[in-house]
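Asks: Next up is a structure, given as C-alpha cells.
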Ligand code: HDE
C-alpha cells in the first residue's frame, strides 16, 4: 500500500530566482557530503579546500602536533592562518542602526521629473537602476531583537548612471533633535546606561527620558515613537521618509525643494505592544525572517517613491521652517506625487559581505539633487564618511562590491588599505600635460556635480533659528490625527516607558510637556503613573490649536485592504477536518496571503480523511503572536488534549487579547472555553463549520485588527473620541 500523501505545513514556496552572479557563490555552496555521508574528500565534482594563499589543505580536522598527544607546532601555517582570520572576523558594529537587514532590488521611474531636475535617474520613465536597501533599528546592538520599540532605518542605495545616490531615511518623517551637535547626547542617553550596560534596545529607562524631558524639541518625534509606528508588523508594511528637505536642481541651477516618501504597496500595519514583547521572545528575527521569506517566496515587497515638491514661496508661507527636521509638511497641504517604485527581489548571498559592509553616506547624491540648509542634514553629511572609515578600516570601502558604483569611475585617488583598483598608467595627478589618451580623466563642467548657488551674508554664530522654536504644535497635530485606539496606544506606551523610569521627577517632567500637547493625554499618563498633574512645561512658543488633523499620519486609516502579504496561523490536531483545512488554504492563498500550520508535534497530524499534514511549528514554538490572524481548528478530541496544555491556551487567549480575528471550528470554540473566553466570543471570533465560512473569515480579516475588543477588555481603555473633530483646548 502506498503511504498517504503528506501535505506541506506552510504556503509552498515558488522556486527562488537565481540571482545574477550567483554562479560565483555557488562554487562555495556545493554540498560537501552527498548520500548521507558526513565527511567527504575532494574528488570529482568537489572542490579542494585551500588556505587563503591557495595552498591545498590535506587535513582540516587536526592541527599539527608533536606526536598524537603532544603540543601543537608553530609551523602549522594552515592552523595559524585559520585562527588568525577567525580572530579578525568582526568589524565594529554601527554606533547606531547596528541591527539591520538588507536586500537587493531595483528602482523604476514611473513619472519623469525632467522639468525640475537634471538627475539622470529621474529623467526617463520605465528606466530601472539597481537598488540595495537596509532596514534597521536604531538603539539596539547587532544581536538585539527585531521588535524593540524604536525608529526603523530605511536606507536606500540607488546605483545610478551618475554614481550612487544614498537616501538614508527612517520610517518616521521627523527627528528628535534640530542640531547635530546633540546627536551624541541623544544616542548616549538612549543606549544602555554606561555603568551597568542595560537596558538593551529600549528607551524605557531614566537616562533616555531625562534627556528627552530636557529637550522639548523632541516632543513631536516622541509622539511618533510612542505610537504603533515604532513597532511595525514587517518592513514590508512600513513607510520610509527622507526626513530632511532636499533640493532638486535643473540644468540652469534653478532649485525646487523636495521631501522624499516611500509608500508601501501593502499599506501600513503594526503590531500591539504586548504582542511585540512576546514576539521578541518567540522569534527575535521576526522582521528579517519576514523579509527573507517574502522575497524567497517570490512575493516581492514594493514601495512607491513619492515626492512633495515646493518652491521658496511655499516655504516662506508654510507654518514652520522647512529646514527644521522636527517638522513635516502634511500631505493634505502638499500632496505626495508618486514618481517611481522600488522592488526588492533578491536576498543577499552573504549577510556580512553585503548587509554588514554596506556603507551609506548622506552626502552621496548625483548631480541634480542637492542639500538644503537643514542643520541635521549638514551634520550628517560629515558624519557618515567618518563612520565608514572607522567601520570598514580604510578609505577604499568603495572597492567592496556592495559599495561600488555601477557606472564608470575615473579619478586619481590611489593606495591605502586593501586597494583593489588603483588607476592605471603613468599619470596620477592633474592638471597634467600628457594629453587626452594618457593624461587620465578631466572635470566636466556640464555633467559634473554643482551645488545650489546661495548668497548668505549671515554672521558666523552658534544660534538656533527663531523659526525652529515651536516644539509642540506638530506634536499635537500628530496626536489629534490618530484614531482613538492609536491615541490609546500612545498613552499606554508612555505609561509603560515612564513606569520603568526610577526617578519620579523625570516622569513628572515628561508629563509637564504632554500638557502642552494634549490635556487629556497628559491626564491619562499622569493617572497611569499614579502621579499628580504638574504645571505645563515652559514653552518657547504657545501650542497652536488651529492645525487640522492629517489622516495620512494614522496607521489604522491607511491599513491593509485585504489579506495580501499577511500570514494566517492554522492550529490543527489529529482528526482536524480536512475539507475545512483545504478551504482555508484556498481562501488565504486566493487573497495573496500565506499560512503556517501549528500542531502538537512537529511531525504533523493525520487529518480527518487520513491524509498526513506536516507542521511548520510545534505549538510551543509557534505562538499566535507570529501571525496576523489565526484559525483554530482542532478536532473535538484534539481540543480536549490542547485544553490541558498552557501554550495552547495561550495561543487563543493571546490572539484574543491582541484583537486578532479568530476562525474557530467546534473544537476551536471548545479551546476558547478552556482558556476562559467562552463567554467573551465576539463578532471577530468567526465559526468556520458551515460551508463557505472559510472565505468569509479571510475577507473579515482585512482590517488590521478588531479594535473594538481592546476598548472593551483593557482596563485602561478610554471612551473613543471623534478623530476628525478639531478639539478645543482645555
Ligand atoms: Fe544616522 N547615522 N545620523 N540618521 N542613520 C548612521 O552611519 C548620524 C539621522 C540613519 O543601514 C551612522 O553608517 C548623525 C537621521 C540610518 O547602514 C552614523 C545624525 C536619520 C542609518 C550616523 C544622524 C538617520 C544611520 C552609523 C544627526 C533619518 C543606518 C553607521 C546629525 C533621516 C544606515 C553609519 C545603514 C546610520 C550619524 C541622524 C538615518 C554614526 C550624526 C535624522 C537609516 O554616521
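Residue numbers (the numbering used here): 33 to 762.
Each residue gets a CB set at the ideal place from its N, CA and C atoms; glycine is no exception.
Quick caveat: nothing in here was measured; it's all calculated off a predicted structure.
1) In this structure, what does DSSP give as the bridge partners for residue 135?
2) Classify residue 92: buried if its beta carbon has 16 or more other beta carbons within 10 angstroms, exposed otherwise.
3) When we look at the beta-carbon of residue 595 and count the other beta-carbons within 10 Å, is it buried (16 or more) or exposed?
4) Which residues in the same chain as residue 582 place their Cβ atom closer than 7 Å to its Cβ, once the five residues preceding and following it in sequence are excluded?
5) Would you decide whether residue 87 is buried or exposed? Buried here means 16 or more other CB atoms lie within 10 Å of its CB.
6) According to DSSP, what are the bridge partners of residue 295?
7) Examine the ligand HDE and report whether any of its heavy atoms sits within less than 6 Å of the Cβ of residue 397.
8) Exposed or buried, which one is residue 142 when buried takes at least 16 other CB atoms within 10 Å?
9) Compute the Euclidean distance between the alpha carbons of residue 695 and residue 164, then round it to the nearest angstrom.
10) For a test of the three-state rule: what should DSSP assign to residue 590, helix, strand or coil?
11) DSSP three-state call for residue 599: helix, strand or coil?
12) Out of 680, 248, 370, which has the shortest C-alpha to C-alpha gap to residue 157?
13) Given 8 Å as the limit, is there contact between the stretch 366-380 and the stretch 441-458, that is, 3 or more CB pairs closer than that?
14) Do you know offhand how far residue 108's Cα is from residue 120's?
15) Could you spell out the range, first to last residue, of the beta strand (DSSP E) harbouring residue 471?
16) Taking 8 Å as the threshold, find out whether the stretch 382-394 comes into contact with the stretch 333-349 through three or more Cβ pairs.
17) Count the other C-beta atoms from every protein chain shown that fall within 10 angstroms of the C-beta of residue 106, then say buried if there are 16 or more, exposed otherwise.
18) The alpha helix (DSSP H) that contains residue 556, what's its start and end?
19) With a floor of 3 residues, list each beta strand (DSSP E) that falls wholly inside the stretch 297-363, ordered by position along the chain.
20) Please report the Cβ distance between residue 680 and residue 609, rounded to the nearest whole angstrom; I am assuming they are in contact, meaning their Cβ atoms lie under 8 Å.
21) Where does the unbroken alpha helix (DSSP H) through residue 219 begin, and where does it stop?
22) Look up residue 577 in the DSSP assignment and say whether it is helix, strand or coil.
23) Mind checking whether residue 504 and residue 435 have CB atoms under 7 Å apart?
24) How many whole angstroms separate the CB atoms of residue 496 and residue 217, which I take to be in contact at a CB cut-off of 8 Å?
25) Residues in the same chain with beta-carbon distance under 8 Å from residue 40, minus the five sequence neighbours each way, listed in chain order, please.
26) Please confirm whether any heavy atom of the ligand HDE lies closer than 6 Å to the CB of residue 275.
27) For a test of the three-state rule: what should DSSP assign to residue 404, helix, strand or coil?
28) Measure from the alpha carbon of residue 416 to the alpha carbon of each residue in 622, 720, 198, then state which is nearest.
29) Going along the chain, which residues of its own chain have a beta-carbon closer than 6 Å to the beta-carbon of residue 180, five neighbours each way excluded?
30) Can residue 607 and residue 670 be called in contact, C-beta distance under 7 Å?
31) Can you tell me whether residue 470 is buried or exposed? The criterion is at least 16 other CB atoms within 10 Å of its CB, across all chains shown.
32) In angstroms with no decimal places, state the Cα-to-Cα distance between residue 347 and residue 288.
33) What I want to know is whether the C-beta of residue 129 ends up closer than 6 Å to one or more non-hydrogen atoms of the ligand HDE.
34) Quick check on the burial criterion: 16 or more other C-beta atoms within 10 angstroms. Buried or exposed for residue 118?
35) Just curious, the alpha helix (DSSP H) that residue 507 is in, first and last residue?
36) Flag residue 575 as yes when its Cβ comes closer than 6 Å to any non-hydrogen atom of the ligand NAP, and as no otherwise.
Replies: So, to answer that:
1) Within the chain shown, numbered from 1, the residue matching residue 135 stands at position 103. Partner(s): 165.
2) To locate residue 92, count along the chain shown from 1; it is residue 60. Exposed, since its Cβ has fewer than 16 Cβ neighbours within 10 Å.
3) Counted from its first residue, the chain shown places residue 595 at position 563. Flag for residue 595 reads buried.
4) Locating residue 582 in the chain shown gives position 550, counting from the first residue. Within the same chain, residue 582 has close Cβ partners 362, 363, 364, 509, 513.
5) Along the chain shown, one-based indexing puts residue 87 at 55. With fewer than 16 other Cβ atoms within 10 Å, it is exposed.
6) On the chain shown, position 263 is the one that residue 295 refers to. In DSSP, residue 295 forms a bridge with 336.
7) In the chain shown, counting from the first residue as 1, residue 397 sits at position 365. Not so, every heavy atom of the ligand HDE lies at least 6 Å from the Cβ.
8) Counting from one through the chain shown, the residue named residue 142 turns up at place 110. Exposed is the call here.
9) To locate residue 695, count along the chain shown from 1; it is residue 663. To locate residue 164, count along the chain shown from 1; it is residue 132. Going from the Cα of residue 695 to the Cα of residue 164 covers about 39 Å.
10) Residue numbering aside, residue 590 sits at position 558 when the chain shown is read from its first letter. Three-state result, residue 590: coil.
11) For the purposes of this step, residue 599 is taken as residue 567 along the chain shown, with counting starting at 1. The answer is strand: DSSP assigns residue 599 an E or B state.
12) Your numbering for residue 157 matches position 125 in the chain shown. When each option's Cα is compared against that of residue 157, the closest is 370.
13) no
14) Against the chain shown, residue 108 aligns to sequence position 76. Against the chain shown, residue 120 aligns to sequence position 88. If you take the alpha carbons of residue 108 and residue 120, they lie about 19 Å apart.
15) The count along the chain shown starts at 1 and reaches residue 471 at position 439. Per DSSP, residue 471 belongs to no beta strand (DSSP E) and is neither H nor E.
16) no
17) Here the question's residue 106 lines up with position 74 in the chain shown. Per the 10 Å Cβ criterion, exposed.
18) Taking the first residue of the chain shown as 1, we reach residue 556 at position 524. It spans 551-561 - the alpha helix (DSSP H) in which residue 556 sits, taken as one unbroken run.
19) 334-342
20) Here residue 680 refers to the residue found at position 648 when the chain shown is read from its first residue. Here residue 609 refers to the residue found at position 577 when the chain shown is read from its first residue. Rounded, the Cβ-Cβ distance is 18 Å, inconsistent with contact.
21) Residue mapping note: residue 219 aligns to position 187 of the chain shown, counting from 1. 215-222 is the span of the alpha helix (DSSP H), which, as asked, contains residue 219.
22) Counting from 1 along the chain shown, the entry for residue 577 is found at position 545. In this structure, residue 577 counts as coil in the three-state DSSP scheme.
23) As a first step, residue 504 is located in the chain shown; it is residue number 472 there, counting from the start. As a first step, residue 435 is located in the chain shown; it is residue number 403 there, counting from the start. Not a contact, by the Cβ cut-off of 7 Å.
24) Your numbering for residue 496 matches position 464 in the chain shown. Your numbering for residue 217 matches position 185 in the chain shown. Actually they do not touch by this definition, with Cβ atoms about 15 Å apart.
25) In the chain shown, counting from the first residue as 1, residue 40 sits at position 8. Cβ neighbours of residue 40 beyond the five flanking positions: 646.
26) Numbered from 1 along the chain shown, position 243 holds the residue referred to as residue 275. Yes, the beta carbon of residue 275 sits closer than 6 Å to at least one heavy atom of the ligand HDE.
27) As a working note, residue 404 is residue 372 in the chain shown. Correct three-state label for residue 404: coil.
28) The residue given as residue 416 occupies position 384 in the chain shown. Checked all of 622, 720, 198; the closest Cα to residue 416 is 198.
29) Within the chain shown, numbered from 1, the residue matching residue 180 stands at position 148. If we look at residue 180 and ignore the five residues flanking it on each side, its Cβ neighbours are 169, 172, 233.
30) Along the chain shown, one-based indexing puts residue 607 at 575. Along the chain shown, one-based indexing puts residue 670 at 638. Contact flag set, yes.
31) Start at 1 with the first residue of the chain shown, and residue 470 comes out as number 438. By the 10 Å Cβ count, residue 470 comes out exposed.
32) Translated into the one-based positions of the chain shown, residue 347 becomes position 315. Translated into the one-based positions of the chain shown, residue 288 becomes position 256. Distance between the alpha carbons of residue 347 and residue 288 is about 10 Å.
33) Taking the first residue of the chain shown as 1, we reach residue 129 at position 97. Correct: residue 129 has its Cβ closer than 6 Å to the ligand HDE.
34) For the purposes of this step, residue 118 is identified with residue 86 of the chain shown, where counting begins at 1. Exposed, since its Cβ has fewer than 16 Cβ neighbours within 10 Å.
35) Walking along the chain shown from the start, residue 507 turns up at place 475. Start and end: 505-512.
36) With respect to the ligand NAP, the structure offers nothing, as its ligand set consists of the ligand HDE.
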